[in-house]
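According to the numbering used here, the residues represented by the sequence shown are 133 to 264, in order.
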Amino acid sequence: MRLKQTLAALLIVSTTHVGFIQTAQATMIGTEEVARAHQRTSRSADDARAQLNEAFSRADVQARLEALGVDASDARERIAALTDEDAARLAGQIDKAPAGGIIEVILFVFLLLLLTDILGFTKVFPFTRSIR
């Protein structure tokens, strides 16, 4: 009986969401347009990475990272490993941050490194144990 109720509820929810599905429209685009979009993306990603490397090369930022237990070279490696979208988002957060707002970025990087340590992808912090 409980299985039937759960199945009925699942069916009701799934059928109500059918009306919200949007259709996709595909069109042909030229090679030149793809090349221009790729150039813009890689140029902006390179600019974002350069901005992040510049921010993390500052002495006050490095001192704060060391206070949090993060080696500056590990942070540079993580910046290099960021996807283009993540690098652009992080650089955008730096641009939008008020003066002295770099602390949020450092905190973001610290939490990112901490999460990857806990998940077992990296081993930056000696006080974490991997779940793997």
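For each residue, glycine too, the CB sits at the ideal point set by N, CA and C.
Computed from a prediction, not measured in an experiment: that's the story for all the values here.
In this model, L142 and Q157 are separated by some 29 Å (Cα to Cα). Contact check for Q225 against E217 fails: the beta carbons are separated by 8 Å or more. In the DSSP assignment, I144 falls within the unbroken alpha helix (DSSP H) covering 134–148.
Residue range 191–199 is occupied by the alpha helix (DSSP H) that includes Q194. Residue environment for V166: exposed (fewer than 16 other C-beta atoms within 10 angstroms of its C-beta). Bounds of the alpha helix (DSSP H) holding Q225 are 216–228.
Exposed is the label assigned to A195, since fewer than 16 other Cβ atoms lie within 10 Å of its Cβ. Non-local C-beta neighbours of T260 in its own chain, meaning closer than 7 Å and more than five positions away in sequence, comprise L246, D249, I250, ordered along the chain. Ranked by how close their Cα comes to the Cα of A220, the residues D179, F188, F242, F240 have D179 in first place.
Between Q137 and A212, the alpha-carbon positions lie close to 51 Å from each other.
Around the Cβ of T148, a 10 Å sphere holds fewer than 16 other Cβ atoms; the residue is exposed.
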